[in-house]
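For the sequence shown, the numbering used here begins at 1 and goes up steadily by one. All residues carry an ideal CB built from backbone N, CA and C; glycine is no exception.
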Amino acid sequence: MALAVAMGAVSLHAAKSAVHPDAVRLLQIAVLYQLIHGLAIVAVSTLARTQLSKLVAAAGILHLGGIVAFSGSLYVLAFFGVSLGPVGPIGGSAFIAGWLALAAHALLHRG
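Structure below.
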């Protein structure tokens with residue numbers, strides 16, 4: 001979460017000299033998704049204290065991997081103008097899978 005806040009602050013200043021013409025928008029998206037999924041990791045770690053399951057653990061790992069792949073690929077594109085190909089969509093898929101893992105855990109552990 002601290003890294004997301006730092007990237008948000010850096011992005012405000014660095015976007016002016018970034019390579020990609022849409023750098024500001026790319027960085028805003030990267031930071032937003034990093035913050036949202038950082039909060040998801042906090043929630044997962046809190047849940048894991050009382051209801052640890054393979055699905056909860058998978059959700060945390062998938063959200064972390066999604067941050068690295070999705071947000072990371074947007075940072076690289078904005079700052080260096082280099083597309084990492086399918087890395088961004090793979091990260092987005094990891095986010096979705098993480099949320100689905102949490103939903104499956106909730107359904108299996110109702111009541």
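Backbone secondary structure at residue i - three-state DSSP
{"i": "Leu32", "result": "helix"}
{"i": "Pro89", "result": "helix"}
{"i": "Ala116", "result": "Only positions 1 to 111 of the chain appear in this structure, which leaves residue 116 out of reach."}
{"i": "Ala82", "result": "Before going on, a small fix: residue 82 reads as Val here, not Ala. In the structure shown, Val82 sits in coil (DSSP, three-state: anything other than H, G, I, E or B)."}
{"i": "Ser45", "result": "helix"}
{"i": "Met1", "result": "coil"}
{"i": "Ser53", "result": "coil"}
{"i": "Arg25", "result": "helix"}
Cβ separation of residue i and residue j, assumed to be a contact under 8 Å, to the nearest whole Å
{"i": "Arg94", "j": "Gly65", "result": "In the sequence as presented, Arg is not what sits at residue 94; that position holds Ala. Indeed, because the Cβ distance is near 5 Å, the residues count as touching under 8 Å."}
{"i": "Phe70", "j": "Gly92", "result": "5 Å"}
{"i": "Ala40", "j": "His63", "result": "5 Å"}
{"i": "Gln51", "j": "His13", "result": "Not really, about 42 Å apart at Cβ, beyond 8 Å."}
Sequence-distant residues of the same chain with beta carbon closer than 8 Å to residue i, five excluded per side
{"i": "Val56", "result": "Val44, Leu47, Ala48, Ala101, Leu102, His105"}
Own chain partners of residue i with C-beta closer than 6 Å, once the 5 adjacent residues on each side are dropped
{"i": "Ile67", "result": "Gln34, His37"}
{"i": "Leu27", "result": "Ser11, Ala15, Ala78"}
{"i": "Tyr75", "result": "Ala30"}
Per-residue burial, residue i [other beta carbons within 10 Å of its own, 16 or more giving buried]
{"i": "Val5", "result": "exposed"}
{"i": "Gly88", "result": "buried"}
{"i": "Ser83", "result": "exposed"}
{"i": "Gly60", "result": "buried"}
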